[in-house]
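Inspection log for the structure reproduced underneath, given as structure tokens.
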Amino acid sequence: MDWTALTLSIRLGLLTVVLLLPIAFLVARWLAFGRFRGRGFVEALVALPLILPPTVLGYYLLVAFGRASPLGQAFEAVLGHPLVFSFEGLLLASLLVNLPFAVQPMQNALAAIPPNLRDAARCCGLSPLAAIRRVELPLALPGIATAAVLTFAHTLGEFGVVLMVGGSIPGETRTVAIAIYDRVQAFDEASAGVMALVLLTLSLVALGVTNTLARRMAHRH
Amino acid sequence: MDGTGELRVRLRQAAPFPLSVEFSAPPGSVTALFGPSGSGKSTVLRAIAGLHRTDDALVACGGQRWTDTAAGEFLPSHRRPVGFVFQDYALFPHLTVRDQLALALGHRPPGERAARISALLALARLEGLAARKPAALSGGEQQRVALARALARDPAVLLLDEPFAAVDWALRESLRHELAALRRQVSLTVVMVTHDFDDVAKLASHLVVIERGSVSAAGTVADLTSRNAVPGLGGAREPAVALDAHVVAQDPARRLTHLAAGTLRLEVPTVPGPVGTTVRIQIGAREVILASRRPEGLSLHNILDARVLAVEPGGHDALRLVHLAVGDARLLSLVTADAVRTLGLDRGAPVLALVKAVAVEAFA
Amino acid sequence: MRRRAAIPRLLHGGAATLALIAASVASGQPSPRVAHTPPAPLIAAAADLKFALDEIIVQFGRDTGESVRVTYGSSGNLARQIAQGAPYEMFLSADEQYVQWLAARHLTRGPGELYAIGRIALFAPHDSPLRPDPRLSHLARRLSDGTAGRLAIANPEHAPYGRAAEQALRSLGLWEAARPHLVLGENVAQAAQFAASGNSDGGLIAHSLALAPELRRRGSYALIPDSLHEPLRQRMVLLVGASPTAERFYEYLRAPAGRGILAGYGLTLPGE
């Protein structure tokens, strides 16, 4: 069992959730309530990571954030080291790749709020911010929780993008998923098996939680 | 919040559907926006609340301009002193009754809120239900919560969107009584959207008829009904005059109440309440019999001296609708064309209007 | 008293907990560049060194008390990563051309030096129908009578050992026949894993890997004559920015302790 890799994976997962969820909530809100032309296009863009092969994503991320790119150089100036093959690079890739997992459940939950309720909130004297806090968030909570669980679980399992953008640097970018790959190549099946089992269990738990939340959303109130 | 000033509304838009509406609601009045479904009434209501914006609009209450496109002013909904009761009540499913009301009391200092909530619960007869969530409430209870929540805003204007539409007849009647009772306790301007003329006849003091996005008639309910000048009713409803009357005297021995509506004096079966109680009465045109001679030996209580103002077709070949003046009040009478001829009911002719006490529908 | 706002409280509590966990985990693991005590230097090593270098690292730790971290991969892949800024401090390549490529880009401290001449071997698991021999005659027979199964090699595009395997097959005139049967590993260690997995007949892998206990107990091998392929000139080099620990590790590999372990895996220089 590679504890460093497991800690790294969990750290990556948690940070992704904490950083991505607020951004994704705003995007989800915009898509759920906004009435603007090109909304379908934005939705397709958000859903892209669901369909694109991870290696395609990894390739474009390398192009966009690699050492030769302006963005990569800007990051390097700030961080003091290249973005690729670093934890920060993984985190950035993770934020982008998990966008649909974070946005879609929240968007669905928000869209399910009857439009009358939002009008009612305004007519009850709630400013837009207060309405988000006291009406939208509580009602969308199962969707937000689902988004958090899915994002975390998906980050744990992400392989292709991590390998391409992060390499397999122990303590830095060697996540559990990569470590399993690494252990198999080292003929260390025991280690690989244990880690695979851990990931499997986490995935099952994540699925169980999201299913429960989905049912609760349907029967709420 | 001192509420009530006159509500002035002017709306114009081309899309998504044409709308051209202008009317005023006097302070303390109940103004009904009446018309067929899809005529734009709800849009007007939403515009008053600031939920809908049009290209050309003016919404002003008392001295305060809430929407003025000409001056580029728009007060957001959450800052307008309006209470809105939605058609499906729009109660927040995750909040108890108490919390729904608390949510709407943001404009009051925290110290006052608890007391205000108790008062509202009492007013809307919701004591005992304070800890329930909407799913655990009946339809009528939900409506009272929605009403209480709207009143919690201390609104200058109370907006009701088809308040009785989702409810069965018996409940609808009892809810109308609730609303009427509420209005006696709390004086504010009410704008009510409805497609049911019963609501108008029983509750509204003023009427704005909106058909296909524009105003086809506006005025007091008494005036429009007594002239049978409400467009859109057609043959769907018997012509009837709706008036506000008040109790002049009670006659417990005979179990009768004397009512006065302007110069009209009527005897009706007992309407409870002390002298001065306001009552809304409706007298259907079919219930008014015309006579050229004072009859005797009939079970009639109300024999009124009247004068014929006009005779118009009565919706059927053989029928005529006769407009009558009783002092400065007006009545309608539906009779056969034959009767018109026989009695010689020409313009200006004197005639007696006979109204059964029972035929006067009183709504308190 | 007032049960209101139970859900918002839960939300705030949950978010706070999450942030706290994240912050503590994040701070608990010092980023290699932010810590005040420099973390163990990172070594990039060709995959054929997998078992040999692991052993050397353990011994290095015992002898000096210092530690290093290692990432194995195909030499071409690793060179590419280094060029893209991967934070390695030392590179052990299975083919010196990658070191020269990096040196030309001024990413190395000098030209480095040879640490071994590599050899390839044909490996077959115990239950494989393939019997290894130095001239691959049994393989050739199985290829011609159509009974050959899958054969694993490293990807010749970026793995030196894969290239050597291809060269050997070509030298024996078996390349065209073998091509449809090939399974390509991303690096020679993965090829070895494929070869030993029982899903293939075997594979052409690094001699150093075939000598490792893990493979020894799974099958047998035959050393392929080095005349059948271009020499695998394995060169190591310190990279720009290497730390003193990395320098010490470099020296350790040149010292008898390191060379002894390498020799145990067949990784010798001419004259040893």
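Quick mapping for you: the protein sequence lines, in order, are chains L, D and X.
To convert, note that position 122 of the first sequence is 123 in the numbering used here; the numbers rise steadily by one, no gaps.
To convert, note that position 64 of the second sequence is 1497 in the numbering used here; the numbers rise steadily by one, no gaps.
To convert, note that position 121 of the third sequence is 1191 in the numbering used here; the numbers rise steadily by one, no gaps.
Note that beta-carbon positions come from the ideal geometry of N, C-alpha and C, so glycine has one too.
When C-beta distances to chain D are compared with 7 Å, the residues of the stretch 121-134 of chain L below that value are Ala-121, Arg-123, Cys-124, Cys-125, Gly-126, Leu-127 and Ser-128, in chain order. Pairing Val-1258(X) with Ala-1224(X) gives a Cβ-Cβ distance under 8 Å. Contact of Phe-86(L) with chain X by beta-carbon distance below 8 Å involves Gln-1151, Gln-1154, Gly-1155, Ala-1156 and Pro-1157. Put simply, the backbone Cα of Gly-73(L) is about 55 Å away from that of Val-1518(D). In this structure, Arg-1616(D) is the residue among Arg-1616(D), Gly-1747(D) and Ala-1739(D) with its C-alpha nearest to the C-alpha of Ala-1797(D). Of the residues assessed, Thr-213(L) falls on the exposed side of the cut-off, its CB having fewer than 16 other CB atoms within 10 angstroms.
In this structure, the beta-carbon distance from Leu-1640(D) to Arg-1609(D) does not fall below 8 Å. Distances from the CA of Leu-1206(X) to each of Tyr-1158(X), Leu-1148(X) and Gly-1243(X) were compared; the closest alpha carbon is that of Gly-1243(X).
If you draw a 10 Å sphere on the C-beta of Ser-10(L), you find 16 or more other C-beta atoms in it, and that means buried. Close CB contacts of Ala-197(L) within its chain, under the 7 Å cut and outside five residues either way in sequence, are with Ile-181 (chain order).
Cα atoms of His-1208(X) and Ala-1292(X): separation of roughly 12 Å, rounded to the nearest angstrom.
A contact is defined here as three or more CB-CB pairs under 8 Å, and the stretch 1572-1579 of chain D meets this definition with respect to the stretch 1509-1526 of chain D.
Collapsing the DSSP output to three states places Gln-1520(D) in coil. Chain-order list of chain L residues neighbouring Ala-1235(X): empty, with the shortest C-beta distance near 17 Å, by a criterion of under 8 Å. Restricted to the stretch 1630-1663 of chain D, the beta strand (DSSP E) segments that are unbroken, complete and at least 3 residues in length are 1639-1644 and 1647-1653, listed in chain order. In this structure the stretch 1583-1599 of chain D touches the stretch 1616-1626 of chain D; the number of beta carbon pairs closer than 8 Å is three or more. The beta carbon of Arg-68(L) lies closer than 6 Å to those of Pro-83 in the same chain, with the five residues before and after it left out. When DSSP states are grouped into helix, strand and coil, Tyr-1158(X) belongs to the coil group. Where Cys-125(L) is concerned, there is no enclosing alpha helix (DSSP H), because DSSP gives it neither an H nor an E. Using a Cβ distance threshold of 8 Å, Gly-1328(X) and Ile-1126(X) count as a contacting pair. The beta carbon of Ser-1470(D) does not come within 8 Å of any beta carbon belonging to chain L, so the residue lies off that interface. Taking 7 Å as the Cβ-Cβ cut-off, the stretch 158-188 of chain L approaches chain X at Gly-168, Ser-169, Ile-170, Pro-171, Gly-172, Glu-173, Val-185, Gln-186, Ala-187 and Phe-188, given in chain order. According to DSSP, residue pairing for Asp-1489(D) in a beta bridge involves Arg-1445(D). The beta strand (DSSP E) runs lying completely inside the stretch 1737-1773 of chain D and spanning 3 residues or more are 1752-1759 and 1762-1769, given in chain order.
Ile-1223(X) sits in a strand when the DSSP states are folded into three classes. Around the beta carbon of Thr-56(L), a 10 Å sphere encloses fewer than 16 other beta carbons of the protein chains shown; the residue is thus reported as exposed. By the neighbour-count definition (other C-beta atoms within 10 Å, threshold 16), Gln-1497(D) is an exposed residue.
Ser-95(L) counts as buried, since no fewer than 16 other beta carbons sit within 10 angstroms of its beta carbon.
Residues of the stretch 83-108 of chain L whose Cβ lies closer than 7 Å to any Cβ of chain X, in chain order: Pro-83, Val-85, Phe-86 and Phe-88. Here the C-alpha atom of Phe-1456(D) lies approximately 28 Å from the C-alpha atom of Glu-1606(D).
Looking at the DSSP output, Arg-1303(X) bridges to Ile-1187(X). Taking a Cβ-Cβ threshold of 8 Å, the residues of chain L close to Leu-1484(D) are Asp-120, Arg-123 and Cys-124, in chain order.
Residue state for Gly-1573(D) is assigned as helix, using DSSP reduced to three classes. With fewer than 16 other CB atoms across the displayed protein chains lying within 10 angstroms of its CB, Glu-1321(X) is exposed. In the same chain as Gln-1237(X), and ignoring 5 residues on each side of it, the C-beta atoms closer than 8 Å to its own belong to Leu-1298, His-1299 and Glu-1300, in chain order.
Collapsing the DSSP output to three states places Asn-109(L) in a helix.
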